[in-house]
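This report refers to the structure that appears directly beneath it.
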Amino acid sequence: MQKKESLTATRPNWADLWTGTGPSPQSSTDSPTNSDLPLSHREIRVRPPVNLLASPRFVALDVQHNVPLAPRTSLELGGPARYLVEAADEATVIEALRWADDRQLRVLVLGGGSNVLIGDEGWDGLAIHLGLRGLESHTSPQGVRLRVAAAEPWDDVVATAAAEGWAGIECLSGIPGSTGATPIQNVGAYGQEVADVIAAVHVWDRRAGCRRVLLPDACGFGYRDSVFKRDPTAAVVLAVELLLQPGGAPTLRYGELARAMQSSGATTVAQTREHVLGLRRRKSMVIDPEDPNRRSAGSFFTNAVVDTTVAEALVATAMQQGLVDDAAAVPRYALDDGQVKIPAAWLIEAAGFRKGERRGAVGISSRHALALVHHGGGRTRDLVAFAQEIRDRVQQRFGIELRPEPVFAGVTLR
Ligand code: EPU
């Protein structure tokens, strides 16, 4: 069994943050940057409510009505937002949140739209489309610190880092979407997770009504998980600080990538990016307007994380059913906490689904069994019905429940 690193973070929820050692939002006047603090230090730095000139009270909101959301998502599915605000600065984000709170409306924060599934009836609340841009870097004793505004396209950040030779995010090349979304689901690929390099996450705390800067331990990162994902209404990510290593070696932990690098004699961070892009293209995991699998949300399910007993039972079932000749043929990776990660793509194919299989206007990508795709002219309910069929059959065959990975807005799995 291959060994795969996992995060051993404790998993705070948003409310737990107030029981920690950090200052209360009213008491702190510290600068939010914290670059002088050890990164593992659990502390929350808070800036007082925005200064007077930037006060949301002076922001004129342009609230649009009945705005189609499908064109703003990579799946191109779903109905309109009842209200939508384009927020190009923090003051507009904050004022839009207050506007929604005053009317008791639910809020959907939209970034790049590459990891969201919108219901056919649309979003009966306010959608805030983030447009916060900007990227700053400075050198610190620990490495290069990059502060990136939430709406910066993630892959532009990776491209910049790779070109500069800053190690830490090269394996996260080619991931669509915005930087602000990356800590929410702790994006990961090819042996890296964004949590490995996050130095701080700047958020607007909706309940306390103030800006906060969370250091990594307060973010509760896990596999495709964080405090932001567990309590999506608590905060809006405004910016992310990354700590990268200039001249550092690339991470070559993922077998498929390490083999590709070795066979071509590649060694640098920039070459790693090119190899990752190549691997992703072959799986239709880079958005390409010519690709028939292009309308997707990447992985539709997270990989299964199960106890060893469940993994052993799976191996026994797979052998009994003649799916594999020997135990080693069931892919699985031991995690540091003793649990086992099983690729959902393998479970889906082992349950009898095929790449390229269709149910009308939706189907499974022809290049990767974990990506569900929309072929055009379909509805969210078609995709959800197919996802349920996949989840139910995997559950019946193997006793393992697959969980969806994208954010669901105005729709749920049964
Ligand atoms: N596999 C299949 N059929 C397939 C594809 C994969 O059986 O069609 C099995 C194989 O055994 C393969 C294993 O699944 O060895 C793992 O496949 P892959 O390396 O493609 O990775 P994954 O576990 O399916 C995860 C992430 C991807 C990320 C890749 C590469 C999740 C939910 N997905 O997929 O992230 O790019 O690893 O690191 O963890 C995303 O989250 O949207 C995403 C694309």
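Taking the working numbering, the leading residue of the sequence shown gets 3, the next gets one more, and so forth. Note that CB positions come from ideal geometry on N, CA and C, so glycine has one too.
Asked: For His-67, does the count of other Cβ atoms within 10 angstroms reach 16, so buried, or fall short, so exposed?; Found: exposed
Asked: Check whether the Cβ of Glu-359 sits closer than 7 angstroms to any heavy atom of ligand 1, and report yes or no.; Found: no
Asked: So, helix, strand or coil for Ala-376, using DSSP?; Found: A quick correction: the sequence has His, not Ala, at residue 376. His-376 falls in the strand class under three-state DSSP.
Asked: Asp-207: which of Ala-62, Val-386, Leu-99, Thr-414 sits nearest, CA to CA?; Found: Leu-99
Asked: As an exercise, report each continuous beta strand (DSSP E) stretch of at least 3 residues that is fully enclosed by the segment 142-182, in chain order.; Found: 145-151
Asked: Verify whether the separation of the beta carbon atoms of Gly-170 and Arg-255 is less than 8 angstroms.; Found: no
Asked: By the three-class DSSP mapping on this structure, what secondary structure does Asp-2 have?; Found: An answer regarding residue 2 cannot be provided, because it is not within the stretch 3 to 416 covered by the chain.
Asked: Starting from Glu-88 and walking both ways along the beta strand (DSSP E), at which residues does that stretch end?; Found: 82-89
Asked: Helix or strand or just coil, what does DSSP make of Ile-186?; Found: coil
Asked: Using a Cβ-Cβ distance cut-off of 8 angstroms, determine whether Ile-96 contacts chain B.; Found: You won't find chain B in this structure, because it holds only one protein chain.
Asked: On the CB-based measure, 16 or more other CB atoms within 10 Å of its CB, does Leu-63 come out buried or exposed?; Found: exposed
Asked: Would you list the one or two residues that DSSP bridges to Ala-241?; Found: Ala-151, His-204
Asked: Leaving out five residues on either side along the sequence, give the residues of the same chain with a beta carbon under 7 angstroms from the beta carbon of Leu-174.; Found: Val-160, Val-189, Ala-191, Gln-194, Val-196
Asked: Measure the C-alpha to C-alpha separation of Trp-125 and Leu-316 and round it to an integer number of angstroms.; Found: 39 angstroms
Asked: Any contact between the segment 324-342 and the segment 401-413? By contact I mean 3 or more CB pairs, one from each, below 8 angstroms.; Found: no
Asked: Could you name the residues that DSSP lists as bridge partners for Ala-129?; Found: Leu-86, Leu-110
Asked: Could you give the C-beta distance for His-370 and Ser-266, rounded to a whole number, given that I count them as a contact under 8 angstroms?; Found: With 8 angstroms as the limit, His-370 and Ser-266 do not qualify as a contact, their Cβ atoms being about 22 angstroms apart.
Asked: Under 8 angstroms: do the segment 285-305 and the segment 109-128 share three or more Cβ pairs, one atom per stretch?; Found: yes
Asked: Straight-line CA distance for Ala-237 to Pro-252?; Found: 33 angstroms
Asked: Which first and last residues belong to the beta strand (DSSP E) in which Leu-279 is found?; Found: Here Leu-279 belongs to no beta strand (DSSP E); instead the alpha helix (DSSP H) covers 271-284.
Asked: According to DSSP, is Arg-138 part of a helix, a strand, or is it coil?; Found: Correcting the residue type first, residue 138 is Glu in the shown sequence and not Arg. Residue state, collapsed to three classes: strand.
Asked: How about Leu-79 and Arg-381: are their beta carbons less than 8 angstroms apart?; Found: yes
Asked: What is the DSSP secondary structure of Asp-104, counted as helix, strand or coil?; Found: helix
Asked: Could you tell me the alpha carbon to alpha carbon distance between Ile-177 and Asp-157, rounded to whole angstroms?; Found: 6 angstroms
Asked: My output table needs one value for Val-229: the three-state DSSP class, helix, strand or coil.; Found: helix
Asked: I think Val-203 touches Leu-216, with their Cβ atoms under 8 angstroms apart; what is that distance to the nearest whole Å?; Found: 5 angstroms
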